[in-house]
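Numbering (my numbering), first residue to last: 472 to 650.
Note that the Cβ used here is the ideal one computed from N, Cα and C, for glycine as well.
Here it is in structure tokens:
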């Protein structure tokens with residue numbers, strides 16, 4: 472089982488592939504369905520994985536992955552440990568704008584098991600943006616799906632003049648300006 476590489480395969484015309492990695496399969500499914508319901512001008516494929524590395528036996532059938540969203544459930548330390556272990560199986564060039572961390576369950580701060588400092592440390596170490604959301608609320612789930620879809624569109628190269636690296640840099644700069 473090898474590391475996931477961003478440029479190991481040729482891109483498919485007018486399509487993009489998103490990989491959702493996280494221990495909460497229900498949340499992954501909800502988010503994937505919300506993304507697929509959104510209006511888009513390109514074909515999208517969404518792959519769900521509880522952890523990395525991905526099995527190598529179907530690698531020849533898997534499309535090039537354009538964006539990886541690591542899902543961290545704020546109520547589960549296991550989900551953070553799972554993401555941290557999975558990060559070792561991602562090629563370093565993916566961290567040039569093609570990875571984000573999606574923190575779910577933020578509406579229930581009373582039940583927090585994961586320190587926000589641990590999430591911020593991942594953000595800083597891997598130079599990747601963090602999105603906070605509550606997938607149980609439909610409005611926020613739809614907004615998160617739209618945001619991920621736009622990021623995917625940029626990462627797949629479907630937005631002229633904007634690269635994944637420049638977009639990632641822009642996202643990082645906006646996070647640094649927040650109080």
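query                                                                                                                                                                                                       : result
Quick one: using the 10 Å Cβ neighbour count with 16 as the cut-off for buried, is residue 631 buried or exposed?                                                                                           : exposed
Thinking C-beta only, is residue 566 closer than 7 angstroms to residue 554?                                                                                                                                : no
With DSSP collapsed to three states, give me the class of residue 560.                                                                                                                                      : coil
Starting from the C-beta of residue 500, find all residues in its chain whose C-beta is less than 8 angstroms away, skip the five residues before and the five after it, and write them out in chain order. : 519
What are the start and end residues of each continuous alpha helix (DSSP H) run of 4 or more residues lying completely inside the stretch 559 to 597, in chain order?                                       : 587 to 597
Is it buried or exposed, residue 609, if we count other Cβ atoms within 10 angstroms and call 16 or more buried?                                                                                            : exposed
Buried or exposed, going by whether 16 or more other CB atoms sit within 10 Å of the CB of residue 596?                                                                                                     : exposed
Hey, which unbroken runs of the alpha helix (DSSP H) at 4 residues or more fall wholly within the stretch 474 to 551?                                                                                       : 496 to 508
Quick check: what's the CA-CA separation for residue 584 versus residue 605?                                                                                                                                : 15 angstroms
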